[in-house]
Amino acid sequence: MNEALASRWPLPAPAWQWPLTAFVLVLAITLVAFAPTWLSMVETWSRSETFTHGFLIVPIVLFLVWLKRSELATVVPRPNALAVAPVLLLGMAWVMGDLVDVSSVRQFAATLMIPAVVWLVLGSSAIRVLMFPLAYLLFAVPFGEFLVPPLMDFTADFTVYAVQLSGIPIYRDGLQFELPTGSWSVVEACSGVRYLIASVALGTLYAYIMYRSLSRRLLFIAVAIVVPIIANGLRAYMIVMIGHLSGMEHAAGVDHLIYGWIFFGVVIFLMFWIGALWREDEPRADTPSSPAPVDTAGGATVTAGTASLFAITLLGIILVSAGPAWSQWMNERDLGEVAGLGDGAIVTDDWHAVSADTEPAPWQPGYRFARAERGGWVADNEGVPAVGLHVAYYREQHRHGSMVGWDNTLAGRERSDWSQQRAGSVTVNDGPRAERFLVRGPERQFVVWRLYWVNGTLTTRAHEVKAREAVHRLLGGRDDAALVAFYAEFDQDPSEVEASLQRYAEDALPAVLERLERVRAQ
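Positions in the sequence shown are counted from 1; adding 855 to them yields the working numbering.
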């Protein structure tokens, strides 16, 4: 019976008994310490079809580890103090992500903590054997939604160009286009990001199993990235053509989605079938196999010293627990109320608030969770089209909601009949650049210039906003930030109102910044 057990799990008990026990203990503490992060990942898997594959990642990783059991039997586990640095850095990264509520940073840091703990307790030899299974854990992190906008643009470009090559007249306006038989729109579900992420996850596993040479593995992974992007463009084009040729009777409803998944399944099958033609079942003859690690230090060092193992285990428990404990203490601090932002739009010598009887219909960016807001319409003395300003101030974003995040867009997540399109950038006052957007809704459209203010610094980059907020919080400061949006409604061409928008932004921005500094200083 013992021989049968050894054949299934051939790890030498003297070498692995205490290191494995210590590792299980540190891993358990890690799972408990970062439990909210793991639960947030599971919640995303369950609500988003894009990341449903996350439920399969952990079972796949456990199976891959099981396949490595014979190789693990050839190594001698020894704690490695060098791993203290990555454990400490990952804990700090998790804290920074938690202080400014960036879920992806928390999730990546917590996931990478597992291989770091393996390295810390079991040592370099074990981490070399388990390198791919542990790296594959990263596919459990629901990451990649930032690819949706560029993939939507590519899908629209590909579809319109393919329809034009087919000789069918088509008119495009942003992500919407019209054919003689009907109208089409590229929405988030059409971006193909779910196909791309699923293809890369499956393709990476397939490449690892089917090939031995690094070049073939990397080449197949590259194919797994390119193929779903091109295939999604073809899918969108074929759906449009089916709808056009059938007089909009087919491929315009539920069958639209069913057809998409069937097409994707066929493409992935063909990709794997073709890839199997170059499979490598055994290491190549010209590639020398790595010899199994041999313990040459003698029997006295087969098992790591009890004192050393105990010290590393205790240090590992302290390090993985410190981050969540520190973040919880930091988040319990009261960062103060927000006061003094004021009401209405900023008026200057050349601009006055629009009276109630001539004010355009109200509108404001779809940003939520602000602690204080002000804004409104203004006009100059020459009676040019009115322009608007909206300022939203954020503080204690971990508690009240983040300024930069999935929930907040200019069009507004809750306004399904509104859309936004990035349209370059503009310079204000020969200084900061503002992102330029076209925001469209039912019978209304706006050109919007958007700036972010973070503790006295203007920027347009969301990652810079989060980085500055995290550093300020980590150093004991506040995460004060604000959205500054200048906007104007236009009829046909946004350039018809942007001259006025430019003049007002140049006049009002210094006053806006002064007021933001006053609120921050209180």
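By construction, the Cβ of each residue, glycine as well, lies at the ideal position given by its N, Cα and C atoms. Keep in mind the model is a prediction, meaning the values are calculated, not measured.
Cβ neighbour criterion (16 or more within 10 Å) applied to residue i
| i | result |
| --- | --- |
| Asn1263 | buried |
| Ala1376 | exposed |
| Met1258 | buried |
| Arg924 | exposed |
| Leu1169 | exposed |
| Phe1001 | exposed |
| Ile1167 | buried |
| Ser1350 | exposed |
| Trp871 | buried |
| Thr1014 | buried |
| Ser1274 | buried |
| Gln1252 | buried |
| Leu985 | buried |
Reduced DSSP category for residue i - H, G, I as helix; E, B as strand; rest coil
| i | result |
| --- | --- |
| Val1367 | helix |
| Glu1237 | coil |
| Tyr1050 | helix |
| Ala888 | helix |
| Trp1261 | coil |
| Asp1334 | coil |
| Val1175 | helix |
| Val1082 | helix |
| Tyr1222 | coil |
| Gly1279 | strand |
| Val1294 | strand |
| Gly1243 | strand |
| Asp1362 | helix |
| His1327 | helix |
| Asp1426 | Because the chain is modelled from 856 through 1377, residue 1426 falls outside the range shown and cannot be assessed. |
| Trp1304 | strand |
| Arg1250 | coil |
| Tyr1026 | strand |
| Gln962 | helix |
Euclidean distance between Cα positions of residue i and residue j
| i | j | result |
| --- | --- | --- |
| Phe994 | Ser1101 | 40 Å |
| Leu989 | Val1374 | 47 Å |
| Ser1355 | Glu1369 | 22 Å |
| Val1367 | Gly1029 | 32 Å |
| Phe889 | Ile912 | 18 Å |
| Val897 | Glu904 | 12 Å |
| Leu1293 | Leu1306 | 15 Å |
| Ile1064 | Asn1186 | 45 Å |
| Phe1032 | Phe987 | 44 Å |
| Asp1285 | Asp1205 | 20 Å |
| Glu1361 | Asp956 | 33 Å |
| Val1122 | Arg1090 | 10 Å |
| Ser979 | Pro997 | 28 Å |
| Met1126 | His1255 | 46 Å |
| Asp1272 | Thr1314 | 29 Å |
Closer than 7 Å: residue i CB and nearest the ligand FAD heavy atom
| i | result |
| --- | --- |
| Phe878 | As for the ligand FAD, it is missing from this structure, which has no ligand bound. |
Neighbour flag for residue i against chain B, beta carbons, 8 Å
| i | result |
| --- | --- |
| Glu1228 | Within the model displayed, chain B is absent; a lone protein chain is all it includes. |
| field | Sequence ranges, alpha helix (DSSP H) only - wholly within the segment 979-1022, length at least 4 | value | 979-984, 986-991 and 1003-1020
| With contact counted as at least three CB pairs below 8 Å, one residue from each stretch, are the segment 998-1009 and the segment 1040-1051 in contact? | yes
| field | the segment 952-965 in contact with the segment 1197-1206 per 3-pair CB rule at 8 Å | value | no
| task | Determine contact between the segment 1169-1179 and the segment 1329-1342, defined as no fewer than three beta-carbon pairs at a distance below 8 Å. | result | no
| message | Assess contact between the segment 967-987 and the segment 874-882, defined as three or more Cβ pairs (one per stretch) separated by less than 8 Å. Is contact present? | response | yes
| task | Could you tell me whether the segment 1226-1244 touches the segment 1260-1278, using the rule of 3 or more Cβ pairs below 8 Å? | result | no
| At a cut of 8 Å, does the segment 1078-1088 reach the segment 1047-1064 through at least three beta carbon pairs? | yes
| query | Are the segment 1123-1136 and the segment 1055-1063 touching by the rule of at least three beta carbon pairs closer than 8 Å? | reply | yes
| Is it a yes or a no for the segment 1309-1325 touching the segment 1215-1233, going by three-plus beta-carbon pairs under 8 Å? | no
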